[in-house]
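Report on the following structure.
What follows is the structure, encoded as structure tokens:
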């Protein structure tokens with residue numbers, strides 16, 4: 095199944111899924127969810143500075159990610175996030191789990207979304223959809239009715255579907271990071287950075303990242319609409335805005351982590367609230383759990399039956 099087919103399979107179930115899932119268009123680059131550019135735009139509060147007067151974008155991004163723990167995130171053995179999702183359609187839930195590879199077990203991912211209105215309306219029955227990969231087996235669909243998918247695609251889409259994972263891995267997912275100006279976002283003075291998803295075709299516009307002054311806290315992301323030639327096949331055509339709030343340390347297991355840098359202690363930090371605005375619709379995500387090193391190897395397992403047959407590897 096290709097990316098377009100995956101997106102269609104999810105977005106036709108419910109608008110919530112189409113908006114909450116951050117899928118990936120290329121193996122290393124998240125493409126995001128896209129809708130019309132009816133979101134609040136950042137406001138410029140000063141004349142554009144010449145490029146030579148702007149701080150280096152790559153260095154600003156490094157500072158921003160070091161605030162979250164930097165390279166210490168690469169040493170985690172597992173990750174969990176559970177978010178309550180509030181939309182005009184009703185309330186849903188998004189949960190993501192990841193277990194790092196160990197011994198002969200490859201990395202495992204599981205993304206589970208529960209939403210109101212299986213028919214795309216608030217009045218429909220609640221629907222749960224899964225996307226996972228474990229021990230070389232990948233699946234997607236409703237529990238008990240999952241279909242097989244390509245493991246590499248499932249791993250990338252599941253990881254890209256977790257907003258916290260996306261944000262803390264920006265440096266790995268984006269290149270050509272440049273500071274392009276100063277703007278005010280939600281009343282806060284910010285640097286605006288432009289960055290391109292790794293592997294994205296040149297016709298794809300760069301994303302925008304907003305970092306507060308002077309501490310480089312991640313304030314928001316803005317995702318451009320797809321190129322005109324791709325808009326007809328996109329699950330939702332247009333752009334999207336994200337804002338992040340309430341940064342707090344994550345729950346930790348017992349494994350020790352090395353410091354992110356000489357200036358950063360060995361702690362991991364994540365936002366607890368995010369607002370996604372798209373096509374005039376506001377979606378709030380409130381994280382009830384964010385934890386690392388709390389899952390054992392093998393704790394994510396494929397369903398016993400996928401596509402009507404036994405899962406491979408069983």
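In the numbering used here, the protein residues as written are 95 to 408.
For every residue, glycine included, the Cβ atom is placed at its ideal position computed from N, Cα and C.
As the structure is a prediction and not an experimental result, all values here were calculated from the model.
Per DSSP, reduced to three states, the secondary structure at residue 245 is helical. For residue 225, the uninterrupted beta strand (DSSP E) segment begins and ends at 221-228. Here DSSP, grouped into helix, strand and coil, assigns residue 258 to helix. Per the coordinates, the alpha-carbon of residue 247 lies some 10 Å from the alpha-carbon of residue 253. Assignment of residue 265 by DSSP, reduced to helix, strand and coil, places it in the helix class.
Distance from the CA of residue 267 to the CA of residue 221, rounded to the nearest whole angstrom, comes to 31 Å. Counting C-beta pairs with one atom in each stretch, the region 304-315 and the region 267-284 have three or more that are closer than 8 Å, which means they touch. Scanning the region 151-202 from its first residue to its last, the whole alpha helix (DSSP H) runs of 4-plus residues come out as 151-162.
Rounded to the nearest whole angstrom, the CA to CA distance from residue 219 to residue 271 is 44 Å. Around the beta-carbon of residue 398, fewer than 16 other beta-carbon atoms lie within 10 Å, marking it exposed. In this chain, residue 394 is not harboured by any beta strand (DSSP E), its DSSP state being neither H nor E. Under the three-state reduction of DSSP output, residue 373 falls in the coil class, being neither helix nor strand.
Annotation: the continuous beta strand (DSSP E) that includes residue 343 extends over 334-343. Looking at the DSSP output, residue 386 sits in a beta bridge with 173, 346. Classified as buried, residue 255 has 16 or more neighbouring CB atoms from the shown chains inside 10 Å of its CB. Within 10 angstroms of the beta-carbon of residue 151 lie 16 or more other beta-carbons, which makes it buried.
When the alpha-carbon of residue 168 is set against those of 195, 182, 189, the nearest one is in 195. Judged by DSSP secondary structure, residue 305 falls within the beta strand (DSSP E) whose first and last residues are 301-306.
Per DSSP, the beta-bridge partners of residue 276 are 285.
In the DSSP secondary-structure assignment, residue 368 is bridged to 338, 379. Residues of the same chain with a CB within less than 7 Å of the CB of residue 347, apart from the 5 flanking positions on each side, are 386, 387, 388 in chain order. About 12 Å separates the beta carbon of residue 159 from that of residue 364, a gap too long to meet the 8 Å contact definition. Annotated three-state conformation of residue 310 is coil, per DSSP. Looking at the DSSP output, residue 293 bridges to nothing.
Taking 8 Å as the cut-off, the Cβ atoms of residue 337 and residue 372 do not count as close.
By the Cβ-count criterion, residue 290 is buried, with 16 or more other Cβ atoms from all chains shown falling within 10 Å of its own Cβ. Minimum Cα-Cα distance from residue 179 among the listed residues 381, 396, 259, 392 corresponds to 381.
Here residue 321 is exposed. Its C-beta has fewer than 16 other C-beta atoms within 10 Å.
Counting only residues of its own chain and dropping the five nearest sequence neighbours on each side, residue 345 has a CB closer than 6 Å to the CB of 385. Residue environment for residue 339: exposed (fewer than 16 other C-beta atoms within 10 angstroms of its C-beta).
For residue 232, the enclosing beta strand (DSSP E) starts and ends at 231-235. In this structure residue 228 does not touch residue 244 by the C-beta definition: roughly 14 Å separates them, more than the 8 Å allowed. Just so you know, the alpha carbons of residue 335 and residue 230 end up roughly 35 Å apart. With fewer than 16 other Cβ atoms from the protein chains shown falling within 10 Å of its own Cβ, residue 374 counts as exposed.
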